[in-house]
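Below is one structure, written out as structure tokens; comments come after it.
In this note's numbering, the protein residues as written are 18 to 221.
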């Protein structure tokens, strides 16, 4: 679909995006997984800035980016699982470059990974382990993992980094210039609206 400057369709709206996810057979099964009562105990501080609320918002932002980029069911599944568990290895809320590996290790130990295909499981490992390190290092690390399709792995990593980055609105320090995917830059206002909606308790 062509988009024109100033056209309402060019301005992504939270209500429209949430409705689109609800109607999508790929997104719908994941939409409420952030409300799973088993989730909070996995976190160092379930109520903190890297807790369940953050995971829930990153989940929805990941699903939006997957939907907007026309990804398939395997990518939806992978991004959803990464969203829920990417910070469960944290032991504090300060800057931390190693909690990605701790999170994936914890996911493995707790049996939280619901992916059987080796390529997809390896992509999940990449996304979770490297989401918290600088782009240059993360993208260079792709070659140290076992992929048949490294381009797909890089795409999933950058989409997830954008979803995680968009929720920096909760900290007041989101810089859109660091976003990588064109759709992610258009989701900046949406991420603000999503934060307000979830904090208000009005997201059903």
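Here a beta-carbon is modelled for each residue, glycine too, at the ideal position from N, C-alpha and C.
Item, Value
"First through last residue of the alpha helix (DSSP H) which encompasses residue 186", "First-last for residue 186: undefined, no H or E at that position."
"Residues near residue 95 by beta carbon distance below 8 Å, same chain, minus five either side", "132, 137, 140, 141, 144 and 173"
"Meets three-Cβ-pair contact criterion under 8 Å: the region 154–169 and the region 179–186", "no"
"Neighbourhood of residue 69 by C-beta, 8 Å cutoff - its chain only, sequence neighbours within 5 removed", "51, 56, 57, 60 and 63"
"Cβ separation of residue 72 and residue 101, assumed to be a contact under 8 Å, to the nearest whole Å", "5 Å"
"For residue 206 and residue 200, the rounded distance between their alpha carbons", "12 Å"
"Straight-line gap, residue 65 to residue 166 (C-alpha atoms, nearest Å)", "36 Å"
"Integer Cβ distance of residue 48 from residue 38, believed to fall under 8 Å", "6 Å"
"Whole-angstrom C-beta distance between residue 181 and residue 103, which should lie under 8 Å", "7 Å"
"Euclidean distance between Cα positions of residue 89 and residue 196", "22 Å"
"Proximity winner among 76, 28, 46 and 40, relative to residue 215 (alpha-carbon distances)", "76"
"Contact under 8 Å by Cβ, residue 128 with residue 116", "no"
"For residue 25, the three-state DSSP class (helix, strand or coil)", "Residue placement at residue 25 cannot be trusted, given a pLDDT of 42 that sits under 50; what the coordinates show is reported in the next sentence. If DSSP states are grouped into helix, strand and coil, residue 25 belongs with the helices."
"Length-filtered (4 minimum) alpha helix (DSSP H) runs lying within the region 27–81", "31–40"
"Distance, residue 74 Cα to residue 114 Cα", "21 Å"
"For residue 121, the first and last residue of its enclosing alpha helix (DSSP H)", "116–126"
"Pick from 85, 67 and 43 that is closest to residue 109, judged by C-alpha positions", "67"
"For residue 160, three-class secondary structure by DSSP", "helix"
"For residue 112, the three-state DSSP class (helix, strand or coil)", "coil"
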